[in-house]
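Beneath this line is the structure, given in structure tokens, with notes to follow.
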Amino acid sequence: MNCCKADRNSQTNVLMLSLGDAGKTQLLYSWSNHKFIETTPTIAFNVETIYHQNQRIAIWDIGGQVMIRKYWHHYFQNMKAIFFVIDSTQRDFKFIQEAKSVLLNLLNNQILAKVPFLILFNKTDLNNSFTDEEILEEFYLSFDQEQISAQYAHQVKVMRSSALQRDYIEEILSWVMEDKIEEPKMKTVESQQSQYFQDILLD
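Structure below.
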């Protein structure tokens, strides 16, 4: 990963979503700080900037608790890609059904109709994480990018991830910067989105 100088006028925005306790914030901090950091549940949002291929990538990590999810749509504009993180060690039936439902709603959202999705099965370093076969069986998600993209009429990629193992970072960030992913027209992002979570905390 290139962490040196970059063109700061060229920023790529990525939205990182999950259900609660999927480990996405630890994952993000491992990318930006190059080390594993203990975290607490995200109440509002975190933004981390990563430099890759001489480009600036701003990754917006939004809380995954039920009360926060109703505000997700305020973040859909101006995103080049969506990262949806799933805890690959969570085998509870209710969790699997909820994760599938939330993901399907995102894939069917009209605002995100042309936005590429990267689905990350996280905590893959743990022994009880889902196998490829289990991911296909439980989530109907294939690691074959062409097959899954055709299935959901989206550009979709499924990968594994781990905050403790950095093997996946280069491929993940390179996927974001691929030319075939269309860059959205930028509006002001930070000021609008900060206000939404000020409203949440006042509810």
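Mind the numbering: the sequence shown is residues 128 to 330 in the numbering used here, read in order. The C-beta atom is built at its ideal place from N, Cα and C for all residues, glycine as well. What you are looking at is a predicted structure, and each value in this text was computed from that prediction instead of being measured.
Glutamine 282, buried or exposed, once every other Cβ within 10 Å from all chains shown has been counted against 16: Classification for glutamine 282: buried.
For lysine 221, the three-state DSSP class (helix, strand or coil): Taken through DSSP and simplified to helix, strand or coil, lysine 221 comes out as helix.
Distance, glutamate 260 Cα to alanine 208 Cα: In this structure, the straight-line span from the alpha carbon of alanine 208 to that of glutamate 260 is close to 26 Å.
Best match in Ala277, Glu175, Gln272 for proximity to isoleucine 189 [C-alpha to C-alpha]: Ranked by how close their Cα comes to the Cα of isoleucine 189, the residues Ala277, Glu175, Gln272 have Glu175 in first place.
Contacts around methionine 143, its chain only, beta-carbon distance under 6 Å, and the 5 residues preceding and following it disregarded: Correct list, in chain order: Lys151, Ile186, Asp188, Phe210.
Through-space distance from methionine 194 to glutamate 297, alpha-carbon basis: Answer to the nearest angstrom: the Cα atoms are 33 Å apart.
Of the listed residues Gln182, Phe266, Ile177, nearest to glutamine 217 (C-alpha basis): Closest option to glutamine 217, judged by alpha-carbon separation, among Gln182, Phe266, Ile177: Phe266.
Cβ-Cβ distance between leucine 154 and alanine 290 below 7 Å: Judged by beta-carbon spacing, alanine 290 lies within the 7 Å limit of leucine 154, meaning their Cβ atoms are closer than that value.
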